[in-house]
């Protein structure tokens, strides 16, 4: 069990590093990583919506697209995604479209989350695939990064 | 009123052309176009999920990203999007993120739609922007393209 927990934490540390890098670029600090079934980290990304002028360039979408490109497939069954913040409805639906097996996230997002609140993307009959969801992983650090970022913006 | 209707129809014809082009590439025939506040068609796209190995490469997302890149902004207030099929939850949420003013769509999508069914993306308090939605535009032709495509697949 200890080994499993340290694996979760080390994968989330990669996502947190991407969140910190996003903050340093002036982007909302959210980061993500995609893990292949063999445990390899196949993609990692932070938010780049401002830099790319792309409202879809959330960390999850960029990591997902990179992982799909690397796999040569638009579906990633058996793959896991780690992200520092609860995915928004767009990202949650994209992860379902891609058949991601498991989502591990850090902080909850009462304002814009799409899994545990709002449209609860995986809770509808029209959702063709429901990833397993694990929340609250390294949540305090993910929240601290977001709070620091928005405090400096004021 | 007749002028307004013919404008709707001609913009949807562009989206339908993109859907037909998608079918000829072996992609699910859905097409989209983005119209700037001055009436200019600034982006048009059809599905390319298979070609690009990208589960996010729906017609709406590709057209939205192209329009944002052309505008140099991650938000498109005052812009309209035409699409031949009801957007899925991912696309509906992306269009809200981008602050698109109006969505005109053709066929309803009881299986995978995200506006009038399923998670009803714009019906939640967490939705920060609600585009105006107009449905059923050239719906019969949009449906015919989809039916033909899936019939040939069998």
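Residue numbers (the working numbering), protein chains in the order written: chain P, 7 to 160; chain A, 7 to 160.
In this text, a Cβ means the ideal position worked out from N, Cα and C, and glycines have one as well.
If you're wondering where the values come from, they're calculated on a predicted model, not measured in any experiment.
Cβ-Cβ distance between residue 1 of chain P and residue 91 of chain P below 8 angstroms: The shown model of chain P, from 7 to 160, leaves out residue 1 of chain P, and the question about it has no answer.
Of the residues A:43, A:97, A:121, the one placed nearest residue 71 of chain A, counting alpha carbons only: Mapped onto the second chain, residue 71 of chain A falls at position 65. Minimum Cα distance to residue 71 of chain A is reached at A:97.
Measuring alpha carbon to alpha carbon, tell me which of P:29, P:16, P:53, P:17 ends up nearest residue 150 of chain P. The residue labelled residue 150 of chain P in the question sits at position 144 within the first chain. Checking every option, the nearest Cα to that of residue 150 of chain P belongs to P:29.
Kindly indicate which three-state DSSP category residue 91 of chain A falls into: helix, strand or coil? For this step, residue 91 of chain A is matched to residue 85 along the second chain. Three-state DSSP puts residue 91 of chain A in a strand.
Closest by C-alpha distance to residue 82 of chain A, when choosing among P:62, P:69, P:81, P:82: Your numbering for residue 82 of chain A matches position 76 in the second chain. Cα-wise, what sits closest to residue 82 of chain A is P:62.
is_contact[residue 130 of chain A, chain P] using C-beta, thresh 8 angstroms: In the second chain, counting from the first residue as 1, residue 130 of chain A sits at position 124. With 8 angstroms as the cut-off, residue 130 of chain A counts as an interface residue toward chain P.
Where are the beta strand (DSSP E) runs, 3 residues long or more, that stay fully inside the segment 26 to 90 of chain A, in chain order? Along the segment 26 to 90 of chain A, the beta strand (DSSP E) occurs as fully enclosed runs of 3 or more residues at 37 to 41, 47 to 52, listed in sequence order.
Provide the residue(s) that pair with residue 108 of chain A in DSSP beta bridges, ordered along the chain. Here residue 108 of chain A refers to the residue found at position 102 of the second chain. The bridge partners DSSP lists for residue 108 of chain A are A:86, A:138.
Could you please tell me which residues of the segment 56 to 75 of chain P, in chain order, have their CB closer than 9 angstroms to any CB of chain A? 56, 58, 59, 60, 61, 62, 63, 64, 67, 70, 71, 74, 75
Range covered by the alpha helix (DSSP H) that runs through residue 150 of chain A: As a working note, residue 150 of chain A is residue 144 in the second chain. Looking at the DSSP string, the run of the alpha helix (DSSP H) that includes residue 150 of chain A is 145 to 159.
Which of the three DSSP states, helix, strand or coil, is assigned to residue 114 of chain P? Along the first chain, one-based indexing puts residue 114 of chain P at 108. In the structure shown, residue 114 of chain P sits in coil (DSSP, three-state: anything other than H, G, I, E or B).
Grab me the residues of residue 67 of chain P's own chain with a C-beta within less than 7 angstroms of its C-beta, minus the 5 sequence neighbours each way, in chain order. To locate residue 67 of chain P, count along the first chain from 1; it is residue 61. For residue 67 of chain P, where only same-chain residues beyond five positions count, the Cβ hits under 7 angstroms are 97, 100.
Could you give the DSSP three-state label for residue 127 of chain A: helix, strand or coil? Locating residue 127 of chain A in the second chain gives position 121, where the first residue counts as 1. Correct three-state label for residue 127 of chain A: helix.
Could you give the DSSP three-state label for residue 121 of chain P: helix, strand or coil? Residue mapping note: residue 121 of chain P aligns to position 115 of the first chain, counting from 1. Looking at residue 121 of chain P - three-state DSSP - the assignment turns out to be coil, as it is neither helix nor strand.
Assuming the contact rule is C-beta atoms closer than 8 angstroms, residue 40 of chain P and residue 65 of chain P should be a hit. Round their C-beta distance to whole Å, please. What you label residue 40 of chain P is simply residue 34 of the first chain in a count that begins at 1. What you label residue 65 of chain P is simply residue 59 of the first chain in a count that begins at 1. Residue 40 of chain P to residue 65 of chain P, Cβ: 11 angstroms. No contact.
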